[in-house]
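Heads up: the protein sequence lines correspond to chains A and B, in order. Converting from the first sequence to our numbering requires adding 16 to each position, the first position being numbered 1. Converting from the second sequence to our numbering requires adding 16 to each position, the first position being numbered 1. Even for Gly, the Cβ is constructed at its ideal location relative to N, Cα and C. From a predicted model like this one, the values you see are computed outputs, not experimental measurements.
2 protein chains.
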Amino acid sequence: MKNTLSQMRNHASSIFSAGLEAVNPADAVKNSCVFNGQELVCGDQTYNLGQYQNIIILGAGKAAAPMAQAIEKMLGSIITKGLVNVKYEHLATLNWIEINEAGHPVPDASGKQGAQKAFELATSASAKDLVICLISGGASALWPLPVAGITLQDKQKTTDILLSCGATINEINIIRKHLSLIKGGRLAQIASPATLICLILSDVVGDDLDVIASGPTVPDSSTFGDCITVIEKYNLQDQLPLSVFEYLKAGLHDKSKETPKKNSPVFKKVNNIIIGNNLAAIKAAEKTATQLGYNTLILSSMIEGETRVVAGVHTAIAKEIIKSGHPVSRPACILSGGETTVTIRGNGKGGRNQEFVLAALPDIAGRDHTVILSAGTDGTDGPTDAAGAFVDSESFQKACQKGLCPDKALGQNDSYTFFKELDDLLITGPTNTNVMDLRIMLVK
Amino acid sequence: MKNTLSQMRNHASSIFSAGLEAVNPADAVKNSCVFNGQELVCGDQTYNLGQYQNIIILGAGKAAAPMAQAIEKMLGSIITKGLVNVKYEHLATLNWIEINEAGHPVPDASGKQGAQKAFELATSASAKDLVICLISGGASALWPLPVAGITLQDKQKTTDILLSCGATINEINIIRKHLSLIKGGRLAQIASPATLICLILSDVVGDDLDVIASGPTVPDSSTFGDCITVIEKYNLQDQLPLSVFEYLKAGLHDKSKETPKKNSPVFKKVNNIIIGNNLAAIKAAEKTATQLGYNTLILSSMIEGETRVVAGVHTAIAKEIIKSGHPVSRPACILSGGETTVTIRGNGKGGRNQEFVLAALPDIAGRDHTVILSAGTDGTDGPTDAAGAFVDSESFQKACQKGLCPDKALGQNDSYTFFKELDDLLITGPTNTNVMDLRIMLVK
Numbered sequence: 017m018k019n020t021l022s023q024m025r026n027h028a029s030s031i032f033s034a035g036l037e038a039v040n041p042a043d044a045v046k047n048s049c050v051f052n053g054q055e056l057v058c059g060d061q062t063y064n065l066g067q068y069q070n071i072i073i074l075g076a077g078k079a080a081a082p083m084a085q086a087i088e089k090m091l092g093s094i095i096t097k098g099l100v101n102v103k104y105e106h107l108a109t110l111n112w113i114e115i116n117e118a119g120h121p122v123p124d125a126s127g128k129q130g131a132q133k134a135f136e137l138a139t140s141a142s143a144k145d146l147v148i149c150l151i152s153g154g155a156s157a158l159w160p161l162p163v164a165g166i167t168l169q170d171k172q173k174t175t176d177i178l179l180s181c182g183a184t185i186n187e188i189n190i191i192r193k194h195l196s197l198i199k200g201g202r203l204a205q206i207a208s209p210a211t212l213i214c215l216i217l218s219d220v221v222g223d224d225l226d227v228i229a230s231g232p233t234v235p236d237s238s239t240f241g242d243c244i245t246v247i248e249k250y251n252l253q254d255q256l257p258l259s260v261f262e263y264l265k266a267g268l269h270d271k272s273k274e275t276p277k278k279n280s281p282v283f284k285k286v287n288n289i290i291i292g293n294n295l296a297a298i299k300a301a302e303k304t305a306t307q308l309g310y311n312t313l314i315l316s317s318m319i320e321g322e323t324r325v326v327a328g329v330h331t332a333i334a335k336e337i338i339k340s341g342h343p344v345s346r347p348a349c350i351l352s353g354g355e356t357t358v359t360i361r362g363n364g365k366g367g368r369n370q371e372f373v374l375a376a377l378p379d380i381a382g383r384d385h386t387v388i389l390s391a392g393t394d395g396t397d398g399p400t401d402a403a404g405a406f407v408d409s410e411s412f413q414k415a416c417q418k419g420l421c422p423d424k425a426l427g428q429n430d431s432y433t434f435f436k437e438l439d440d441l442l443i444t445g446p447t448n449t450n451v452m453d454l455r456i457m458l459v460k
Numbered sequence: 017m018k019n020t021l022s023q024m025r026n027h028a029s030s031i032f033s034a035g036l037e038a039v040n041p042a043d044a045v046k047n048s049c050v051f052n053g054q055e056l057v058c059g060d061q062t063y064n065l066g067q068y069q070n071i072i073i074l075g076a077g078k079a080a081a082p083m084a085q086a087i088e089k090m091l092g093s094i095i096t097k098g099l100v101n102v103k104y105e106h107l108a109t110l111n112w113i114e115i116n117e118a119g120h121p122v123p124d125a126s127g128k129q130g131a132q133k134a135f136e137l138a139t140s141a142s143a144k145d146l147v148i149c150l151i152s153g154g155a156s157a158l159w160p161l162p163v164a165g166i167t168l169q170d171k172q173k174t175t176d177i178l179l180s181c182g183a184t185i186n187e188i189n190i191i192r193k194h195l196s197l198i199k200g201g202r203l204a205q206i207a208s209p210a211t212l213i214c215l216i217l218s219d220v221v222g223d224d225l226d227v228i229a230s231g232p233t234v235p236d237s238s239t240f241g242d243c244i245t246v247i248e249k250y251n252l253q254d255q256l257p258l259s260v261f262e263y264l265k266a267g268l269h270d271k272s273k274e275t276p277k278k279n280s281p282v283f284k285k286v287n288n289i290i291i292g293n294n295l296a297a298i299k300a301a302e303k304t305a306t307q308l309g310y311n312t313l314i315l316s317s318m319i320e321g322e323t324r325v326v327a328g329v330h331t332a333i334a335k336e337i338i339k340s341g342h343p344v345s346r347p348a349c350i351l352s353g354g355e356t357t358v359t360i361r362g363n364g365k366g367g368r369n370q371e372f373v374l375a376a377l378p379d380i381a382g383r384d385h386t387v388i389l390s391a392g393t394d395g396t397d398g399p400t401d402a403a404g405a406f407v408d409s410e411s412f413q414k415a416c417q418k419g420l421c422p423d424k425a426l427g428q429n430d431s432y433t434f435f436k437e438l439d440d441l442l443i444t445g446p447t448n449t450n451v452m453d454l455r456i457m458l459v460k
C-alpha cells in the first residue's frame, strides 16, 4: 500500500514536470518558429527575413527573458535591436536585445520607461521592417503606458475604484484598454505598416487573444461609449480621477483616439500565435501519464470557480472511477487545468492549488489508492513559496495522527501551514513560465 | 442551426426518459428479483419460498406503492400480509399489502401509526418467516417511530435544533438513529430471527446503505457516546427537549438500548440489495445517447456542491470539447448525476436543476451547438411543478430578446420564473421514483 502510493506520488510529479516542460518559454518559441538561415516559419506563415531592413524584438511578461533568449539563439545578429520588460530578477543573458526590469503586479516608473521605449521602437518601424513581439503572463502590468495627461497613479487609482465597485474584469479591461497607448490593439497600430509577429504564452482561461496582456496586437471590440456605460453603471463619475473621466468623455467625440477595430488595416500584416497554453501543458502531461500506464482523461483546461466546490467535482469523479470504472477505468489519470478562485474566510496562509488539495483530502480518505496533485505552472501558489501540494488516500489518517484537522484548516484558508506540517508541499521555485494551474488525479 | 438544436433537445429528452425508465420502481423490482413459482432469486441469493411459513412485506418511501405492486404481481397470494407507508396520494392498487398514506417531508401521526404497525409485523416474524422490505426515498420521514417517552414533536424539534446549529447531516443522523425504533439497523433487529430481504431504491449520493432511510436493515457504526459528543460539540445540553437528552444520556449506560453493530447476529440472514440508483439511470441514459450517435462519457453519479460552480465545471468541459475534442470528441454527450445544493441569495422561485441550467446558460451562449438538460428523477425540482429545464446555445439571445436577464435571475435564485417565460421548463409530473438528479450535456 505504502509503496503503491509513494510510486503514484512520483508519477504525479513526473506528469506535472512533463506539463511544465511543454510550456517552457524557450522551447515554446523554438517549437512554434523555425529559421533556416533565410526563411522564418511561424505558425502557418513563412517570412523571408532577407527582405526586411530591420528586425525589432519587443516583449513583456514574466517569461519575456527566456523567450528573448530563444529568439536570439534562433536569429542571432540578424536582430537589429530590441527591448523586453521583465519582472525584477526574472533575467537572462541577452546580446542583442536590451532587458529592462520593472514592477509586477503593481506597475512602476521603470515599467513605464521601458514601455515608452518600446512604443518608440514600434513607432519607428517602417513597412520594410519586421517586429517580433513576445508576450507572456504579467505583460499588462510590465508594459504600463497611459495616454498623455494621465499618470500611472491615475490609472492605478482607476483600476482600484473599478475593482472595489464590483465591476467585472471585462468591464475593467474595457476602460484600461482605452487609457493605454499599447493595449487594445494599439501596439499593432503604432507598429503598422511594419510586419508583426506576436508570440504569445497564454496565462488566460480560454486563450482569448484580446484578454491576454489586454491584447496589444489584437482588434478591440469595445469603445469609448462602452467606457462611459461602465462608469454610469457604477456611478463613478465623481470618484474617478478627473483626468481619466475627461479623457474618456473626450474620446466619445474624437474618432482618432478610438482603439483599432476588427477590419482596421493595421492588423493586415499581424500574425498572432499562441505558442504555449494550459492545454499544451495538459496534453504533454497526458502523454507522460499514458506512458506510465494510466488510462488518461483530459477533463478541461478551462476550469474556473470556487476552489473547494471544483475539488468536490474532481473527487466525485475519483469515487466513480473506484465504484464503476467511469469515466475511465483504473489505473486512471484525470487531468484538468485553468484557474479557480478562493473566497477568503479565514486568516490562514495558502493558495488556490493548496486549498484545492486540502478540500479534496477528506473525500479520498481511506479509499483505494488515490493521489491528487494541484500546482501553479509558474511555481507559486498564492503568497507562498510552494507551487502547490500533494495528497493521497492515507493523508487524512496521517494528518489526524499529527493533530492536524483538514476541516479547520480549510475554514481558515490555512492550506500552506497544514501541508507544511504534513510535509506535502510541492516546491519547485520559479519556473519562468505561466499557463495557470495543473491538476492531476491518479486512481489505482 | 435551429433544426440541429431542436433535434438535440429531442435527443436530450429521450436520453433523460431512458434514464427514468431504468429506475422505474416496478421494473427495478422485477429486474433484481426473479420468481419461478418456487424459488425467488434476489441478487446473488436464492430463497425457496416453500420453506417459509409467512411472507411479510414491509415498505416505506415515495416509490413504495409501485414497488409493492411489482412484488404482488410476482408473488401474488403467497404473500401472507404486508403494509407500506407512502406519501399522500402516491398510491397504487394493492390486493394483499395494506397501504397507508402519511406525511412527507414532515412526519405525521398517520406515519407513526403505520410505522408502529410495521414494527409489530416485524416483531411478530419468527425464524420460519421471510420479511421483504421495500425502501425508497422519503422512507426516513414516512417511517417515524421514536423510542418510548419521546414524541414525534420532540424528535422534530431535535432535528430542527441540530440543523440550525450547523451540525452535519452525518451528525444529525447519528442522533436520529438513536432515537428511533426502526432506523440504524433496528428493523433488522426486531425482524430477527426471520429471513430478511431489503430491496432499496437509492436516493443518496454514493448509495451508502446506512444513510438511505437511515439504514433500518444495516449495521450502525455510531454509538450513544457519539450522540453525546455531538451534543457537547454544539453545546445543545440545554436546548434539546429534556426527554431526548435524558434518553441519550441513559443510553450511555444501557447496552440493550444501543443500535446493532457490524458483527451482530441480527444481520446474519439479511440481504440488502440496491435495485436502482443514480448510476443505473445514468448507464441507461448512456446507452440511449450512444445509440443516438453521441460519444458518451459518464462523469460521475456522485456530484455534489454549490450548483452554479458545478455548472461552471460542466460548461468548461463543453468548451474544451469544442476547442480540442477533450474529454470526448463531437458529437459528445456528457452525463452526470448526484445532488447539488443552492445557497439561497434571493427571493425567487426555482430548484437546483433549474438553477444549474440557468448558471450554465451564459457560458454556452453563441457557441457551437450545445444543449444542456438538468432534472430531478422524481419529476420535481424545488418547490416548483417542473422537473428541471433545458437550455441551448441560442437561449441567451432568445432570453435577451424577451428582456430576460440570466445574471439577474441567478442573483435572485429565480430560475423557475426565467425558464417559464422562456418556455424551457421540463415538466414531467410525478415519476414515482427518485434517484436524485440527471444532467445531460450535448455538444455537436
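Exercise. Is the Cβ-Cβ distance between Phe240 of chain B and Leu264 of chain B less than 7 Å?
Worked result: yes
Exercise. Which residues in the same chain have their Cβ closer than 6 Å to the Cβ of His342 of chain A, if we skip the five residues on either side of it in sequence?
Worked result: Glu336
Exercise. Is the Cβ of Ile333 of chain A closer than 7 Å to any Cβ of chain B?
Worked result: yes
For this session: Give the straight-line distance between the Cα atoms of Phe406 of chain A and Arg25 of chain A, rounded to the nearest whole angstrom.
Result: 8 Å
Exercise. Just the Cα atoms here: how many angstroms apart are Ser208 of chain A and Ser272 of chain A?
Worked result: 15 Å
For this session: Check whether the Cβ atoms of Asp223 of chain B and Ile290 of chain B sit closer than 7 Å, and answer yes or no.
Result: yes
Exercise. Beta carbon of Thr393 of chain A, beta carbon of Leu36 of chain A: below 7 Å?
Worked result: yes
Exercise. Going along the chain, which unbroken runs of the beta strand (DSSP E) with 3 or more residues stay wholly within the stretch 122-198 of chain B?
Worked result: 146-151
Exercise. Using the beta-carbon count (16 or more within 10 Å), is Gln69 of chain A buried or exposed?
Worked result: exposed
Problem set entry | Opening and closing residue of the beta strand (DSSP E) in which Lys103 of chain B lies | 97-103
For this session: Could you tell me whether the Cβ of Asn319 of chain B comes closer than 7 Å to any Cβ of chain A?
Result: According to the sequence shown, residue 319 of chain B is Ile rather than Asn. It does: the Cβ of Ile319 of chain B has a partner Cβ on chain A nearer than 7 Å.
Problem set entry | C-beta contact flag for Gly130 of chain A and Gly119 of chain A at 7 Å | no
Exercise. What residues are listed by DSSP as bridge partners for Gln61 of chain A?
Worked result: A:Cys58
Problem set entry | Beta-carbon spacing of Gln61 of chain B, Asn287 of chain B below 7 Å | yes
Exercise. In whole angstroms, what separates the C-alpha of Thr174 of chain B from that of Lys365 of chain B?
Worked result: 28 Å
Exercise. How about Ser48 of chain A: is its C-beta nearer than 7 Å to some C-beta of chain B?
Worked result: no
Exercise. Distance, Cα to Cα, Gly427 of chain A vs Arg361 of chain A?
Worked result: 7 Å
Exercise. Taking the continuous alpha helix (DSSP H) assigned at Met83 of chain A, which residues delimit it?
Worked result: 80-91
Exercise. So what's Thr396 of chain B in DSSP terms, helix, strand or just coil?
Worked result: coil
Exercise. Taking the beta strand (DSSP E) that Ala348 of chain B falls in, what are its first and last residues?
Worked result: 348-354
Exercise. Taking Cβ-Cβ distances shorter than 9 Å, what residues in chain B pair up with Ile314 of chain A?
Worked result: Glu336, Ser340, His342, Pro343
Exercise. Is it right to say His269 of chain A is buried, meaning 16 or more other beta carbons lie within 10 angstroms of its own, or is it exposed?
Worked result: exposed
Problem set entry | Glu371 of chain A at chain B interface by Cβ criterion, 7 Å | no
Exercise. Taking Pro235 of chain A as the reference, which of A:Lys199, A:Leu377, A:Ser316 has the closest Cα?
Worked result: A:Lys199
Problem set entry | Contacts of Glu322 of chain A in chain B (Cβ-Cβ under 7 Å) | Glu322, Val325
Exercise. At a CB-CB cut-off below 9 Å, which residues of chain B make contact with Leu295 of chain A?
Worked result: Glu336, Lys339, Ser340, His342
Exercise. Can you find at least 3 beta carbon pairs, one from the stretch 37-47 of chain B and one from the stretch 74-87 of chain B, that sit closer than 8 Å?
Worked result: yes
For this session: Output, in sequence order along the chain, the residues in the stretch 222-248 of chain A whose CB is closer than 9 Å to any CB in chain B.
Result: Gly222, Asp223
For this session: Tell whether a beta-carbon distance below 7 Å holds between Ser390 of chain A and Val373 of chain A.
Result: yes
For this session: Give the DSSP-derived three-state secondary structure of Arg368 of chain B in the structure shown.
Result: helix
Problem set entry | Within chain A, partners of Gly328 of chain B - CB distance below 7 Å | Glu320, Gly321
Exercise. Below 7 Å between beta carbons: does that hold for Ala86 of chain B and Asp145 of chain B?
Worked result: no
Exercise. For Ala108 of chain B, which residues of its own chain have a beta-carbon under 6 Å away from its beta-carbon, when the five flanking residues on both sides are left out?
Worked result: Ala81, Pro82, Gln85
Exercise. From Leu74 of chain A to Ile298 of chain A, what does the alpha carbon distance come to, in whole angstroms?
Worked result: 28 Å
Exercise. Tell me which same chain residues have a C-beta within less than 8 Å of the C-beta of Ala296 of chain A, skipping the five on either side of it?
Worked result: Ala38, Val39, Ala44, Val451
Problem set entry | Buried or exposed by the 16-neighbour rule on C-beta atoms within 10 Å, applied to Thr184 of chain A | exposed
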